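Residue numbering for the sequence shown follows this note's numbering, beginning at 74 and increasing consecutively.
Beta carbons: idealized from backbone N, C-alpha and C, even for Gly.
Quantities reported herein were computed from a predicted structural model and do not represent experimental measurements.
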Amino acid sequence: MKLQTKLILSFIVGLVAVISVAQVVQYFRMTQLAQVMAEANTREVRRMVEKNAVNVFTAVERAIAVSMQRGEMEKFDRMVREQAQVAGLVEFSLYDKEGKVFSSTAYQTDKLKLPEKHALQVKGVVVSNNCIRCHDPEDVGLPSRMIGGELLKTLRAQKEMWLSQTADEIEIYQPQIVVTTCTRCHSEWREGEAAGYTHFKFSKAALQELEEKVEESLMTIQDAILNFSFLLIIGIVMVLTPLAFFYTRHALVLRLQHLGEQVQAIAKGDLSRRIPLAARLDEISLIASHVNTMADSLAKTAASVGDQAGTVASVVSRFEDARQALGEKAQRTNDLALTALGENEQLVSEIRTMQEEVTRATGNIDAISQSVEALSGNVNTVASAANQASQNVTTMASAAEQMTSNVAEVNSSLVSVNDSVARVAHSVQEMTHSLGEVRRRCQDASQKSNEADKHARAAESVMSRLSDSAIEIGKVVELINNIAEQTNMLALNASIEAAGAGESGKGFAVVANEVKELARQTTSATRIIDERIADMQESSRQASLSAHEIAQVVSDINWANNDIAEAVDLQSRSAEQISGSTRNVAEAAASVTRNALELEHAVQDVARAASEAAAGTAEIARSSSEMASQAEEVSVQSLGARTLMQSASSSTERTFQFSTGVQSRMEEACELATGMNASVRELGALAEVMQESSSQLEAARNELDRVAGVQGV
Numbered sequence: 074m075k076l077q078t079k080l081i082l083s084f085i086v087g088l089v090a091v092i093s094v095a096q097v098v099q100y101f102r103m104t105q106l107a108q109v110m111a112e113a114n115t116r117e118v119r120r121m122v123e124k125n126a127v128n129v130f131t132a133v134e135r136a137i138a139v140s141m142q143r144g145e146m147e148k149f150d151r152m153v154r155e156q157a158q159v160a161g162l163v164e165f166s167l168y169d170k171e172g173k174v175f176s177s178t179a180y181q182t183d184k185l186k187l188p189e190k191h192a193l194q195v196k197g198v199v200v201s202n203n204c205i206r207c208h209d210p211e212d213v214g215l216p217s218r219m220i221g222g223e224l225l226k227t228l229r230a231q232k233e234m235w236l237s238q239t240a241d242e243i244e245i246y247q248p249q250i251v252v253t254t255c256t257r258c259h260s261e262w263r264e265g266e267a268a269g270y271t272h273f274k275f276s277k278a279a280l281q282e283l284e285e286k287v288e289e290s291l292m293t294i295q296d297a298i299l300n301f302s303f304l305l306i307i308g309i310v311m312v313l314t315p316l317a318f319f320y321t322r323h324a325l326v327l328r329l330q331h332l333g334e335q336v337q338a339i340a341k342g343d344l345s346r347r348i349p350l351a352a353r354l355d356e357i358s359l360i361a362s363h364v365n366t367m368a369d370s371l372a373k374t375a376a377s378v379g380d381q382a383g384t385v386a387s388v389v390s391r392f393e394d395a396r397q398a399l400g401e402k403a404q405r406t407n408d409l410a411l412t413a414l415g416e417n418e419q420l421v422s423e424i425r426t427m428q429e430e431v432t433r434a435t436g437n438i439d440a441i442s443q444s445v446e447a448l449s450g451n452v453n454t455v456a457s458a459a460n461q462a463s464q465n466v467t468t469m470a471s472a473a474e475q476m477t478s479n480v481a482e483v484n485s486s487l488v489s490v491n492d493s494v495a496r497v498a499h500s501v502q503e504m505t506h507s508l509g510e511v512r513r514r515c516q517d518a519s520q521k522s523n524e525a526d527k528h529a530r531a532a533e534s535v536m537s538r539l540s541d542s543a544i545e546i547g548k549v550v551e552l553i554n555n556i557a558e559q560t561n562m563l564a565l566n567a568s569i570e571a572a573g574a575g576e577s578g579k580g581f582a583v584v585a586n587e588v589k590e591l592a593r594q595t596t597s598a599t600r601i602i603d604e605r606i607a608d609m610q611e612s613s614r615q616a617s618l619s620a621h622e623i624a625q626v627v628s629d630i631n632w633a634n635n636d637i638a639e640a641v642d643l644q645s646r647s648a649e650q651i652s653g654s655t656r657n658v659a660e661a662a663a664s665v666t667r668n669a670l671e672l673e674h675a676v677q678d679v680a681r682a683a684s685e686a687a688a689g690t691a692e693i694a695r696s697s698s699e700m701a702s703q704a705e706e707v708s709v710q711s712l713g714a715r716t717l718m719q720s721a722s723s724s725t726e727r728t729f730q731f732s733t734g735v736q737s738r739m740e741e742a743c744e745l746a747t748g749m750n751a752s753v754r755e756l757g758a759l760a761e762v763m764q765e766s767s768s769q770l771e772a773a774r775n776e777l778d779r780v781a782g783v784q785g786v
């Protein structure tokens, strides 16, 4: 559901609710007022009915007092018959001092229906009211009527009028007190006693009919008020709904829609979009300004991250090339070391063979004289072996020189690796600084978002206080409206009283009409004020809702800034890992450089030992040649031959020792080459880590490029 629809529906619902409550209050007040007036009128009618009953009773009682004189019984009977014709009079009876009926309108023949076969009717006697004067009512076929014992005691005791009311009737009993004139005819009576009782019974049918009519009038008034309230609500809603629609659309909805479109475009990545600021500086314009500031910060961040990502990628590429070159040279060095080690093993084998031969020659030196030919052959064999050993030692010396050259090239590659690692470390430091700047800008954007959220909350609070003030004003207006209604009712009552006063009340009627007109104008003015207050309340509530939704949008933007800050922290940690890895690479490269230097020295020692071994083998060959040429002098110079053989044994021993040293150095060279390969593999792993970090930075740059809507930033 759209915001405008929500605002309109909320306005209509609130307006209908306020008007409905006002109409309900007015309905109950008018109903209560009408009911109070009806009850007052009913009480007045009851009072008047009761008063009339008492007046009638008093008048009849006086007439009875006159008609009870001697010779006036005919007048008394006629009066009794006339009372039977009075409207609302149910019964008029006279009772003697014992409470027995003496005369009653209940015994009129036109009202009383005797049984069809009554003895008196059969005899043709017409029963009348006069019969009960001498006969008991039951004796003449009439129902018996007497005053009850408790009531009779009460009447005798108080000797005053006794009045009783029920839902349908009013009963009056009046004791007839004996005066002096009564004792002239009735000597047995005593003055001051009750000689009889007068009884009146009035019907309340007319009063009940009046109450029913009043109830019907109240129902009619209530229906009229309800219909008027319903039509009033419909009319107000039909008039104010279009006004609210146009107001909310131009004042809030269109501006919020434009703001939402711009924010959505920025959220989708178009960081070139900016929200135009309105001429009037309100909360929406302030939020738009903060969003523009955030977009500028994000664009700068995207450009910085993109530059650093490109730098890291180029450094990683150069580092990978250096690693591959170092790996190739390390593998070549390892191969040369293995070759030299194989050659040295052959040299050791030959030297051992030569040492054994020299030992055997020394053992058989005493038999040289007898075995000149055999000695000559053995010497030739020794010369041949010495020549072969000399060739092998020469080959080993060449391999050692080649190894020295390769180790020098390895050292040069390691220097290049160290330079590349230094450049990588510098780039990582620059990237870390840029990421810190990115985080600072994200924090600034988050702070701006928090400020915008505070402004939105403040606007919402102001709108809430404005709505509360409008409610208080509405209460005051309602009080004024109530006073106007009461004034109108007082003016109406005054007009009624003035109309009842006739000519003398005309001036008062004019004043009452003026007061009533003033009350009407006051009511109309308060109604208009109430409508304006309702509009103000609805506008305040809509603005409060809009401010709340804007605060929610700003909160979402703040969360997005926090996510960017977390991503920047992650990239910072990756950069720190890269920095640590580059430090490890630098340390490993330094270690490899030291090992390469040691390998170079070892190879030089190998070359020097190989040269000495070559000189020794040449000496052996030369000695063997001399022994071959002077074989015939062997027997003469056996002592010299023994000395020479001992010298040859010493030379072969030294050669073996040199070969053993060369073997040890070559093994160390192999170990160094193996360590170099391990360092190269470690450099490869570090290069992979740097490559992965570079890929992550590249992905982050692409994401920022996508967000910024700019390629190649």
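Query: Buried or exposed by the 16-neighbour rule on C-beta atoms within 10 Å, applied to Met121; Result: exposed
Query: Counted within 10 angstroms of its Cβ, other Cβ atoms place Lys341 as buried (16 or more) or exposed; Result: exposed
Query: Min CB distance Val109 to chain C below 7 Å; Result: The chain labelled as chain C is not found in the depicted structure, where only one protein chain is given.
Query: DSSP three-state assignment for Ile544, whether helix, strand or coil; Result: helix
Query: C-alpha gap between Ser597 and Glu244, whole angstroms; Result: 52 Å
Query: Beta-carbon proximity of Trp262 to Thr253, cut-off 7 Å; Result: no
Query: Status (buried if at least 16 other CB within 10 Å, exposed otherwise) for Ala267; Result: buried
Query: Pick from Arg119, Ser176, Lys170 and Leu299 that is closest to Ser93, judged by C-alpha positions; Result: Leu299
Query: Environment of Ser345 [buried if 16+ CB atoms lie within 10 Å]; Result: exposed
Query: Nearest-angstrom Cα separation, counted from Glu164 out to Gln231; Result: 23 Å
Query: Ala90 versus Arg600 - alpha carbon distance; Result: 16 Å
Query: Environment of Val200 [buried if 16+ CB atoms lie within 10 Å]; Result: In this prediction, Val200 has a pLDDT of 46, which is less than 50 and means its spatial position is unreliable; nothing more can be read from the coordinates.
Query: Cα-Cα separation between Val198 and Val174, rounded to whole angstroms; Result: The predicted position of Val198 is uncertain, since its pLDDT is 43 and thus under 50; a value taken from the coordinates is nonetheless stated next. When rounded, the distance between both Cα atoms is 21 Å.
Query: Run of the beta strand (DSSP E) containing Glu242, from where it starts to where it stops; Result: Glu242 to Ile250
Query: Reference Leu278, options Ile306, Val118, Val326 and Gln337, closest by Cα; Result: The amino acid at residue 278 is misidentified as Leu; the sequence shows Ala. Closest by alpha carbon: Val118.
Query: Nearest-angstrom Cα separation, counted from Leu224 out to Tyr168; Result: 13 Å
Query: The region 308-328 contacting the region 98-112, beta-carbon criterion three pairs below 8 Å; Result: no
Query: Three-state secondary structure (DSSP) of Trp262; Result: coil
Query: Outcome for Ile81 when other beta-carbon atoms lying within 10 angstroms are tallied against a minimum of 16; Result: buried
Query: Rounded straight-line distance, which links the Cα of Ser83 to that of Phe101; Result: 26 Å
Query: Top-ranked residue by Cα proximity to Gln247, from Trp235, Asp241 and Ala240; Result: Trp235
Query: Rounded straight-line distance, which links the Cα of Met103 to that of Lys286; Result: 18 Å
Query: Alpha-carbon spacing of Gln99 relative to Glu558, whole angstroms; Result: 10 Å
Query: Nearest to Leu283 (by Cα), restricted to the options Arg116, Ser237, Leu106 and Leu88; Result: Arg116
Query: Euclidean distance between Cα positions of Thr239 and Gln281; Result: 12 Å
Query: Identity of the residues DSSP links to Tyr100 by a beta bridge; Result: Tyr100 is not bridged to any residue.
Query: Where Thr78 falls, given that 16 or more other Cβ within 10 Å makes a residue buried; Result: exposed
Query: Counted within 10 angstroms of its Cβ, other Cβ atoms place Gln249 as buried (16 or more) or exposed; Result: buried
Query: Between the CA atoms of Gly172 and Gly221 - distance to the nearest angstrom; Result: 8 Å
Query: Phe303 classed as buried or exposed, judged by whether at least 16 other C-beta atoms fall within 10 angstroms; Result: exposed
Query: Pair within 7 Å by beta-carbon distance, Leu332 and Ala368; Result: no
Query: Buried versus exposed, by CB contacts within 10 Å (16 or more), Ile441; Result: Because Ile441 sits at a pLDDT of 48, beneath the cut-off of 50, its placement in the model cannot be relied upon, and the point is left open.
Query: Other residues of its chain near Leu228: CB distance less than 8 Å, five sequence neighbours each side excluded; Result: Ile220, Trp235, Tyr246, Pro248, Ala267 and Tyr270
Query: Local conformation of Leu350 per DSSP, three classes; Result: coil
Query: Residues bridged to Ser362 [DSSP beta-bridge criterion]; Result: DSSP, once it has assigned bridges, lists no residue as partnering Ser362.
Query: Rounded separation between Ile306 and Leu565 - CA only; Result: 27 Å
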